[in-house]
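In the UniProt record's numbering, the protein residues as written are 1 to 1071.
See below:
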């Protein structure tokens, strides 16, 4: 009995101790390794998601644990290493957290090698896959805009399948390509990244200065974009199936207003009255079309007419994207497979694009010494529809072709059929094609879109593989070999109702372009650390690249019917002689790199490359490209650590030489072209000299000096990286004019020199970070200033942008920047006081001493007035032209804010540009009338433009009445606007600075414990808005425009395909 009682008492005591042990309140303080309080740090109990707290403003915390003997506290904070501390019954636990090396240990691709970011000595900007996927797009280039300092993304237009230009630190060349070199998994290409699915990309690293790009020698002057694709992840033999999809709708982001129906009819009345040689007959013709003037408001005041922009580009279109992927692996093999499909309906009717992408990548550890990698990527892109360019305009077309730009015609085509008939008759094409004396043609925009086809198909196959063999400890050999094959087919067709069909019959052409390249590189790497203080990495390498191009083109006109389109071209008359073009070039290279690291504080790097290229003259086949750079990790010095200010502080400096070989394969050689010569009554085929040889032709060279500082504060919660650079480019390729006696017009020579000076800034901040909520900010800011230092002997060169003016709106001059607009300064309008008035003839004669342009007797009040700069006479001529603007921004960048709250994520991304201007050629062209009844932009409405009729429809000639009628008017008279339309003047140059809300994405990721019940590993739903808002003074569709697609003529907006605003809804699923 006594024994039983003792056992019961012991059991009660044990139970009581167990009850007591069920909970324990633990307090403490968390600091970092510099002794600073960790504010907002997460404190949780391991394995118990519902138990946690955060540290207060003093770094202190309080938490209750249920099992004081077994529970483990987990401390976490961004920028600090996670810590796990067993409680072991303690009531007070203080913790010192160490700085995490994750950000500094980020691996960066630098060309033939990778390094940790903390060991970088050159200038490299990086974007990771998470950032790329925040901007759903078929072209990854779009996702880079504003995310990297010194990297400018130029979107030329909004047409489906349109490519975007990338400029690294402004580019170096005047006449040649400024696109960077792209390296995709070690394989070089000049075709950009459009063939890749953004979801297949792991990272993008952009090498910006020559100390980083010189390892690519004659191809690295414009920067190098290194793309690393996903190769799968270790998953213990279990594959992960992913499905990503989004569907979106698009509408025009902005509309351009044209004259209302009433304003249009009023303006046509004024034109008719003002230009009439037989006023009575002209008025009868006008009244027969539009009715009496006194009834103008009654007939047309509420008449909507036809909104041609809405009819052709106002539709809401659908964008679809679907991607399925499988990835997985184990210790020996990793793999990643994917298939993607993208469909985009263009804003323009009858246009759009389709894209298919298949990718497979494999990485295998064969044994301890040998590993292999392989990747195959196939991409098919079809772009259909005629777009807005006329007959290939903006891609090398003529000024005649420019008159048929569809966007201009959409804005100018008349909105009403007149007093007889219904305006809807215009939609059916019952309005005849109109033509004026100058050969200009106006056509129904709907018919133009239907009758003209510009279909493009691109098939791209890339396959490359790598082999890495560890010879001995520290010594490895790597071979990378690959090929790329692309077939591009373009079909142009103009039906019998198209402008071209009406002029010269049904026309069609087919152009097939086949390009291929082969590359192999061999790199030997020795990586050794000596005595724990010295680390040396030595690389020796060799590379061979072969590229070829084959072009076959044929065109016919006068086809008997458009029923078969291009089904049987033999029925037509050849108008483009069938041609077969072949281009080949080879590159043989040897290179070396030395990296030296002393005590992880003092870093040194040197590279050297020798390139032998078949493109250059026989006297300059080989080029040599050295570079050196160094860095000092000052933050690791004891005297800096004692300050407890910096978590990272590193100074970088570099100097190097890189080249640009983006020229034709045979520019250095003597070339012949086939000709047909009339000899008597016979046509005899033969050959004639086409190009004079230049045995001294060589690559363009770019010498770069770069300085940078990497700063980190509060355990990398704040990082700041300012950089300064000077790029001096020489041997730039220009066409030198030759004397007529030579028999040639020009010869390509190395003569130009430019200088780029710039400052860049990248700031990353962790503004708030707790278990439930985080807020991060990234700011990039770039400034680049360029100037021309030498040309081909001339101080000034002018270049033409083809939009129908036969003018040279761009000026390149020694000592001045690139991108300058050149023309007349507009001094407003000629006023009544500038003239003598003859009441008997009701005519105005320009007063002596008033400057004039062209025929003095033709000048009248309300015309554009240009500034007389020379001042030595009253005649305004070519000598009075000057710089009237510049397309280059003073600075540009991006600002991204990312938020997370529990399962929600929100990203708000803005881009901006300041100081750039645009030549609004669309406004210039559409402000004229000519002899057709053109419509015009709303800037030409009666409240803005100079008027010559009063409210009663009477032509005003009296000076006082005319002056009063036009007080404060700022735009030339409607019927006189043509006086200025064929001249470039400052009225058309506009401030194109902007701030854009480029992207907003809101997503929700479901809890893993919830979706695991249905076999899911991940489920995320999201909504994205792109190109949502733009704050700008620019009056055109979009300030981000450059329709000429040339570095010589930037910043021109001539009938650009407008950008769209899109709203996308998507999901990411993983099983």
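Every residue gets a Cβ at the ideal spot worked out from N, C-alpha and C, and that includes glycine.
Reference residue 796, options 873, 883, 831, closest by Cα: The count along the chain shown starts at 1 and reaches residue 796 at position 796. When each option's Cα is compared against that of residue 796, the closest is 883.
For residue 891 and residue 394, the rounded distance between their alpha carbons: Against the chain shown, residue 394 aligns to sequence position 394. Against the chain shown, residue 891 aligns to sequence position 891. With a pLDDT of 37 at residue 394, under the threshold of 50, the modelled position of this residue cannot be trusted; read the value that follows with caution. Each residue's Cα considered, the two are about 27 Å apart.
Residue 912 burial status per 10 Å Cβ neighbour count (16 or more: buried): Start at 1 with the first residue of the chain shown, and residue 912 comes out as number 912. Classification of residue 912: buried, given that the 10 Å Cβ count is 16 or more.
Nearest to residue 876 (by Cα), restricted to the options 270, 1025, 318, 849: Position 876 of the chain shown, counted from the start, is the residue given in the question as residue 876. Taking only the C-alpha atoms, the option nearest residue 876 is 849.
Coarse secondary structure for residue 1062, derived from DSSP in three states: As a first step, residue 1062 is located in the chain shown; it is residue number 1062 there, counting from the start. Of the three classes helix, strand and coil, the one that applies to residue 1062 here is strand, per DSSP.
Residues of its chain near residue 620, where Cβ-Cβ distance is below 7 Å and the 5 sequence neighbours each way are ignored: For the purposes of this step, residue 620 is taken as the residue at position 620 of the chain shown. The residues are 696, 697, 698.
DSSP three-state assignment for residue 259, whether helix, strand or coil: Sequence index remark: in the chain shown, residue 259 carries index 259 (1-based). Residue 259: coil per DSSP, three-state reduction.
Classification of residue 92 by the beta-carbon crowding that lies within 10 angstroms, buried from 16 upward: Within the chain shown, residue 92 is the residue found at index 92, counting from 1. With fewer than 16 other Cβ atoms within 10 Å, it is exposed.
Residue span of the alpha helix (DSSP H) that contains residue 719, given as start and end: Here the question's residue 719 lines up with position 719 in the chain shown. First-last for residue 719: 718-737, but that is the beta strand (DSSP E), not the alpha helix (DSSP H).
Where residue 1070 sits in the DSSP three-state scheme: As a position in the chain shown, residue 1070 is number 1070, starting the count at 1. Strand, per DSSP.
Nearest-angstrom beta carbon gap, residue 305 and residue 379 [assumed within contact, 8 Å]: For this step, residue 379 is matched to residue 379 along the chain shown. For this step, residue 305 is matched to residue 305 along the chain shown. At roughly 44 Å, the Cβ-Cβ gap does not stay under 8 Å, so residue 379 and residue 305 are not in contact.
Under the three-state DSSP convention, the category residue 175 falls into: By 1-based counting over the chain shown, the position of residue 175 is 175. Here residue 175 sits in coil by DSSP.
Option in 917, 859, 669 with minimal Cα separation from residue 747: Translated into positions along the chain shown, residue 747 becomes position 747. Out of 917, 859, 669, 669 has the C-alpha closest to the C-alpha of residue 747.
Given residue 113 as reference, the closest of 71, 584, 232, 226 once Cα atoms are compared: Position 113 of the chain shown, counted from the start, is the residue given in the question as residue 113. Out of 71, 584, 232, 226, 226 has the C-alpha closest to the C-alpha of residue 113.
Where residue 417 sits in the DSSP three-state scheme: Here residue 417 corresponds to residue number 417 of the chain shown, with the count starting at 1. Here residue 417 sits in coil by DSSP.
Spatially closest choice to residue 819 from 737, 785, 428, 285, by CA coordinates: In the chain shown, residue 819 corresponds to position 819, counting from 1. The shortest Cα separation from residue 819 among 737, 785, 428, 285 belongs to 785.
Stretch-stretch touch, CB-based, cutoff 8 Å, three pairs: the stretch 648-656 with the stretch 113-126: yes
CB of residue 1024 within 9 Å of CB of residue 340, strictly: As a working note, residue 1024 is residue 1024 in the chain shown. As a working note, residue 340 is residue 340 in the chain shown. In this structure, residue 340 does not lie closer than 9 Å to residue 1024 by Cβ.
Coil, strand or helix - residue 965 by DSSP: Working through the chain shown from its first residue, we reach residue 965 at position 965. Reduced to three states, the DSSP call for residue 965 is helix.
Proximity to residue 207 [Cα-Cα], best of 840, 658, 367, 292: For this step, residue 207 is matched to residue 207 along the chain shown. That would be 658, whose Cα lies nearest to the Cα of residue 207.
Range of the contiguous beta strand (DSSP E) that encloses residue 836: The count along the chain shown starts at 1 and reaches residue 836 at position 836. Its beta strand (DSSP E) spans residues 835-838.
Start and end residues, alpha helix (DSSP H) containing residue 311: Your numbering for residue 311 matches position 311 in the chain shown. Here the alpha helix (DSSP H) through residue 311 covers 308-313.
For residue 495, the nearest candidate out of 263, 556, 224, 529 (CA to CA): Counting from one through the chain shown, the residue named residue 495 turns up at place 495. The shortest Cα separation from residue 495 among 263, 556, 224, 529 belongs to 556.
Sub-9 Å separation of residue 382 and residue 458 beta-carbons: Start at 1 with the first residue of the chain shown, and residue 382 comes out as number 382. Start at 1 with the first residue of the chain shown, and residue 458 comes out as number 458. It is a contact, given that the beta carbons lie within the stated cut-off.
Spatial distance of residue 72 from residue 88 (CA atoms): Mapped onto the chain shown, residue 72 falls at position 72. Mapped onto the chain shown, residue 88 falls at position 88. Going by the C-alpha atoms only, they are around 8 Å apart.
Selection from 971, 928, 1030 that minimises the alpha carbon distance to residue 945: For the purposes of this step, residue 945 is identified with residue 945 of the chain shown, where counting begins at 1. Out of 971, 928, 1030, 971 has the C-alpha closest to the C-alpha of residue 945.
N-terminal and C-terminal residue of the beta strand (DSSP E) that residue 896 is part of: Locating residue 896 in the chain shown gives position 896, counting from the first residue. Boundaries of the beta strand (DSSP E) around residue 896: 891-901.
From 921, 896, 366, 1026, residue whose alpha carbon lies closest to that of residue 405: Reading the chain shown from its first residue, position 405 is the one you call residue 405. Minimum Cα-Cα distance from residue 405 among the listed residues 921, 896, 366, 1026 corresponds to 921.
Closest Cα partner of residue 1015 within the set 239, 935, 605: As a working mapping, residue 1015 is identified with position 1015 in the chain shown. Measuring from the Cα of residue 1015, the nearest candidate turns out to be 239.
Reduced DSSP category for residue 248 - H, G, I as helix; E, B as strand; rest coil: One-based indexing of the chain shown puts residue 248 at position 248. If DSSP states are grouped into helix, strand and coil, residue 248 belongs with the strands.
Residue from 75, 190, 743, 522 with nearest C-alpha to residue 476: Reading the chain shown from its first residue, position 476 is the one you call residue 476. Considering only alpha carbons, the answer is 522.
Where residue 1014 falls: helix, strand or coil (DSSP): Reading the chain shown from its first residue, position 1014 is the one you call residue 1014. Helix at residue 1014.
Simplified DSSP assignment, three categories, for residue 986: The residue given as residue 986 occupies position 986 in the chain shown. In the structure shown, residue 986 sits in a helix (DSSP, three-state: H, G or I).
Simplified DSSP assignment, three categories, for residue 359: Taking the chain shown and counting its residues from 1, the one referred to as residue 359 is at position 359. Three-state DSSP puts residue 359 in a strand.
Euclidean distance between Cα positions of residue 21 and residue 603: Here residue 21 refers to the residue found at position 21 of the chain shown. Here residue 603 refers to the residue found at position 603 of the chain shown. A caution first: residue 21 carries a pLDDT of 48, below 50, which makes its placement in the model too unreliable to give a value.
As assigned by DSSP and simplified to three states, the class of residue 160: What you label residue 160 is simply residue 160 of the chain shown in a count that begins at 1. The answer is coil: DSSP assigns residue 160 none of H, G, I, E or B.
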